[in-house]
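4 protein chains.
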Amino acid sequence: MTPSLTVNQQALAAFLATEFPQTRCTLEALDEDGSVVVAHAVSESELRPGGTVSGPVMMALADVALYVAILARIGIVPLAVTTNLSINFLRKPRADRRVVARCRLMKLGKTLAVGEVWIYSEGEEEPVAHATGTYALPRER
Amino acid sequence: MTPSLTVNQQALAAFLATEFPQTRCTLEALDEDGSVVVAHAVSESELRPGGTVSGPVMMALADVALYVAILARIGIVPLAVTTNLSINFLRKPRADRRVVARCRLMKLGKTLAVGEVWIYSEGEEEPVAHATGTYALPRER
Amino acid sequence: MTPSLTVNQQALAAFLATEFPQTRCTLEALDEDGSVVVAHAVSESELRPGGTVSGPVMMALADVALYVAILARIGIVPLAVTTNLSINFLRKPRADRRVVARCRLMKLGKTLAVGEVWIYSEGEEEPVAHATGTYALPRER
Amino acid sequence: MTPSLTVNQQALAAFLATEFPQTRCTLEALDEDGSVVVAHAVSESELRPGGTVSGPVMMALADVALYVAILARIGIVPLAVTTNLSINFLRKPRADRRVVARCRLMKLGKTLAVGEVWIYSEGEEEPVAHATGTYALPRER
Numbered sequence: 001m002t003p004s005l006t007v008n009q010q011a012l013a014a015f016l017a018t019e020f021p022q023t024r025c026t027l028e029a030l031d032e033d034g035s036v037v038v039a040h041a042v043s044e045s046e047l048r049p050g051g052t053v054s055g056p057v058m059m060a061l062a063d064v065a066l067y068v069a070i071l072a073r074i075g076i077v078p079l080a081v082t083t084n085l086s087i088n089f090l091r092k093p094r095a096d097r098r099v100v101a102r103c104r105l106m107k108l109g110k111t112l113a114v115g116e117v118w119i120y121s122e123g124e125e126e127p128v129a130h131a132t133g134t135y136a137l138p139r140e141r
Numbered sequence: 001m002t003p004s005l006t007v008n009q010q011a012l013a014a015f016l017a018t019e020f021p022q023t024r025c026t027l028e029a030l031d032e033d034g035s036v037v038v039a040h041a042v043s044e045s046e047l048r049p050g051g052t053v054s055g056p057v058m059m060a061l062a063d064v065a066l067y068v069a070i071l072a073r074i075g076i077v078p079l080a081v082t083t084n085l086s087i088n089f090l091r092k093p094r095a096d097r098r099v100v101a102r103c104r105l106m107k108l109g110k111t112l113a114v115g116e117v118w119i120y121s122e123g124e125e126e127p128v129a130h131a132t133g134t135y136a137l138p139r140e141r
Numbered sequence: 001m002t003p004s005l006t007v008n009q010q011a012l013a014a015f016l017a018t019e020f021p022q023t024r025c026t027l028e029a030l031d032e033d034g035s036v037v038v039a040h041a042v043s044e045s046e047l048r049p050g051g052t053v054s055g056p057v058m059m060a061l062a063d064v065a066l067y068v069a070i071l072a073r074i075g076i077v078p079l080a081v082t083t084n085l086s087i088n089f090l091r092k093p094r095a096d097r098r099v100v101a102r103c104r105l106m107k108l109g110k111t112l113a114v115g116e117v118w119i120y121s122e123g124e125e126e127p128v129a130h131a132t133g134t135y136a137l138p139r140e141r
Numbered sequence: 001m002t003p004s005l006t007v008n009q010q011a012l013a014a015f016l017a018t019e020f021p022q023t024r025c026t027l028e029a030l031d032e033d034g035s036v037v038v039a040h041a042v043s044e045s046e047l048r049p050g051g052t053v054s055g056p057v058m059m060a061l062a063d064v065a066l067y068v069a070i071l072a073r074i075g076i077v078p079l080a081v082t083t084n085l086s087i088n089f090l091r092k093p094r095a096d097r098r099v100v101a102r103c104r105l106m107k108l109g110k111t112l113a114v115g116e117v118w119i120y121s122e123g124e125e126e127p128v129a130h131a132t133g134t135y136a137l138p139r140e141r
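Read top to bottom, the protein sequences are chains A, B, C and D. Counting from 1, position 57 in the first sequence corresponds to residue 57 in UniProt numbering; the numbering is continuous, with no gaps. Counting from 1, position 9 in the second sequence corresponds to residue 9 in UniProt numbering; the numbering is continuous, with no gaps. Counting from 1, position 14 in the third sequence corresponds to residue 14 in UniProt numbering; the numbering is continuous, with no gaps. Counting from 1, position 100 in the fourth sequence corresponds to residue 100 in UniProt numbering; the numbering is continuous, with no gaps.
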């Protein structure tokens, strides 16, 4: 894919802060190859017994990362909806680090966008989760 | 499957309230066929623009429903971990209703449990989402 | 969903035989609630060591079952394409039985159809696999 | 992951030819980073109307690629079984090319291995499908 970003990082970061205040996600990077990096600081209430980050926190992060990667390409259109998300949990995330998600689109079609997301504990090399997801896109955009 | 419940509803409801205070999920039913019903009252901050419930709220609910359905069968063992969750979003949930999840296990093996979850807006007939998930079970239990 | 079948069983069976000769699938039932039953006689070459049916045989059966369930509702339109298929393998299928798939649509939208498929060894009560899949539908139909 | 291959390419290619004669898959590469490349020459009967490769052909290829990537790491143990496979179809494969799958393991645990597979029409840059899958591993190995 020859990605052409239609949105700059600042506009996207502002949108994210306004639209998803509850996720406390921040946009960390918007690369030229079309991939985005999103991070989330884990709160006490998001930890599971045993000191690990709860699964739904990572699912929410994957969902936001996909959304942001799509908006970076199609422009800020707040109507795209998730149709499918599939996640594999690979390793226990660290309780004392942010979780960081890198998303890249595999396909950006007329009606569907499909992307993959790798999630890491910040600073670690091995991924803690991997997700793929599909968004339905608005026809007129 | 011939389910044999090893946990009663009251003990499970108490565990859920203690272990997952942040989900605000309540156990609504624990049926003899092994299926469980879990509900979640949607808060203002969980709504998306357009007045719908955010996807991650439903993913979290599916994850809890699976967990509860497993504990109902193997006993309250706080070590089972999700390895995989796949969700299809089918319809827009209503903003003014609780979301309700019914989970039934498809398989309860020695090391893996697999279940499916149907999610509804309370009182509606058509499902808003469908998930399948796998949990890895502790070997000694 | 209030299914309204637009295709009769005979027409669909004929289409299946012509379009997918290599699957050797037969249409067994087309129920009023919109669910379809498809069967496949396992050949020697489709067995795996240990006397079980290979996974791809069940994936192919799930894919055909979904396709047939969609055609039963939208009419015989040979242009629908699979966008996503997710399958959980639950138990070892019997080598000496046909594999039988029952598919029901969860959603039939304008551009997407989503269905679930339960697969059994014929005559057995416990499912051997469960799949969910999404098809993209042609806009003009 | 620091992959350490325990099997050489020749032994694996021989195993594949013997064990899966019906897939007509060949092992093309076994890289030091633990990824494997498997190819499949599409036959006439595997084409769909419109001149594209059928979905189940790609699912079968993904399944074999995962299996081979696992065997390359744990040794030739013909007992690993697929527990889950999820595939996204991205683009129409070319009818006149082999389909080629590259698989890399994301996790190799004691009881589960998880991998991802990218599928291409040979010589093309854009992937036609992406799959993730989980295999249950034998405990004693």
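Ideal Cβ placement from N, Cα and C applies to all residues, glycine included.
For a contact meaning CB atoms closer than 7 Å, what does residue i contact in chain A?
i, result
"Asn84 (chain C)", "Asn84, Thr134"
Just how far apart, CA to CA, sit residue i and residue j?
i, j, result
"Tyr120 (chain C)", "Ile70 (chain C)", "21 Å"
"Lys107 (chain D)", "Lys92 (chain A)", "12 Å"
"Leu79 (chain A)", "Ala14 (chain D)", "52 Å"
"Val100 (chain B)", "Ala113 (chain B)", "21 Å"
"Val64 (chain C)", "Glu122 (chain C)", "17 Å"
"Val68 (chain C)", "Glu46 (chain D)", "18 Å"
"Phe20 (chain A)", "Glu19 (chain B)", "26 Å"
"Asp135 (chain A)", "Gly115 (chain A)", "Correcting the residue identity first, residue 135 (chain A) is Tyr in this sequence and not Asp. Roughly 9 Å separates the two Cα atoms."
"Gly55 (chain C)", "Gln10 (chain A)", "47 Å"
"Ala131 (chain B)", "Val81 (chain A)", "17 Å"
"residue 144 (chain C)", "Glu32 (chain C)", "Because chain C in this structure spans residues 1 to 141, residue 144 (chain C) falls outside the shown range and cannot be described."
"Leu16 (chain C)", "Leu16 (chain A)", "48 Å"
"Met59 (chain C)", "Arg94 (chain C)", "16 Å"
"Trp118 (chain C)", "Glu126 (chain C)", "10 Å"
"Arg24 (chain B)", "Arg48 (chain C)", "46 Å"
"Arg139 (chain C)", "Glu28 (chain C)", "29 Å"
"Leu30 (chain D)", "Ile74 (chain D)", "14 Å"
"Gly133 (chain A)", "Ser86 (chain D)", "11 Å"
If you measure from the beta carbon of residue i to each beta carbon in chain D, is any gap under 9 Å?
i, result
"Val114 (chain B)", "yes"
"Leu90 (chain A)", "yes"
"Gly51 (chain C)", "no"
"Ile119 (chain C)", "no"
Looking at residue j and residue i, is the spacing between their C-beta atoms short of 9 Å?
i, j, result
"Thr26 (chain C)", "Val38 (chain C)", "yes"
"Val128 (chain C)", "Leu90 (chain C)", "yes"
"Glu124 (chain C)", "Arg102 (chain C)", "no"
"Leu61 (chain A)", "His40 (chain A)", "yes"
"Leu137 (chain C)", "Lys110 (chain C)", "yes"
"Asn84 (chain A)", "Asn84 (chain B)", "no"
"Val36 (chain A)", "Ala72 (chain A)", "yes"
"Arg104 (chain B)", "Gly50 (chain B)", "no"
Against residue i, what residues of chain A qualify as contacts under a CB-to-CB distance less than 9 Å, listed in chain order?
i, result
"Glu15 (chain B)", "Note that residue 15 (chain B) is Phe in the sequence shown here, rather than Glu. Within 9 Å Cβ-Cβ: nothing; Phe15 (chain B) doesn't reach chain A, min ~11 Å."
"Ala60 (chain B)", "Ser54, Gly55, Pro56, Val57, Met59, Ala60"
Check whether the Cβ of residue i lies closer than 9 Å to any Cβ atom in chain C.
i, result
"Ser45 (chain D)", "yes"
"Val81 (chain D)", "yes"
"Thr6 (chain A)", "no"
"Pro93 (chain D)", "no"
From the beta carbon of residue i, is the nearest beta carbon of chain B less than 9 Å away?
i, result
"Lys107 (chain C)", "yes"
"Pro56 (chain A)", "yes"
"Asp96 (chain A)", "no"
Using a Cβ cut-off of 8 Å, pull out every chain C residue sitting near residue i, in sequence order please.
i, result
"Pro127 (chain B)", "Met106"
Can you name the residues of chain A whose CB is closer than 8 Å to the CB of residue i?
i, result
"Thr111 (chain C)", "Thr111, Ala136"
Beta-carbon of residue i versus every beta-carbon of chain A: anything under 9 Å?
i, result
"His130 (chain D)", "yes"
"Met1 (chain D)", "Unreliable positioning characterises Met1 (chain D) in this predicted model, as indicated by a pLDDT of 48, which lies under 50. The coordinate reading is nonetheless provided below. True, the Cβ-Cβ gap to chain A drops below 9 Å."
"Ile87 (chain B)", "yes"
"Asp33 (chain B)", "no"
Determine the chain C residues that contact residue i at a beta-carbon separation under 9 Å, and present them in chain order.
i, result
"Ala101 (chain D)", "Those within 9 Å of Ala101 (chain D) in chain C number zero; the least Cβ separation is about 13 Å."
Output the residue ranges of the beta strand (DSSP E) runs that lie fully inside the stretch 39-93 of chain C and measure 3 residues or longer, sorted by chain position. 81-89
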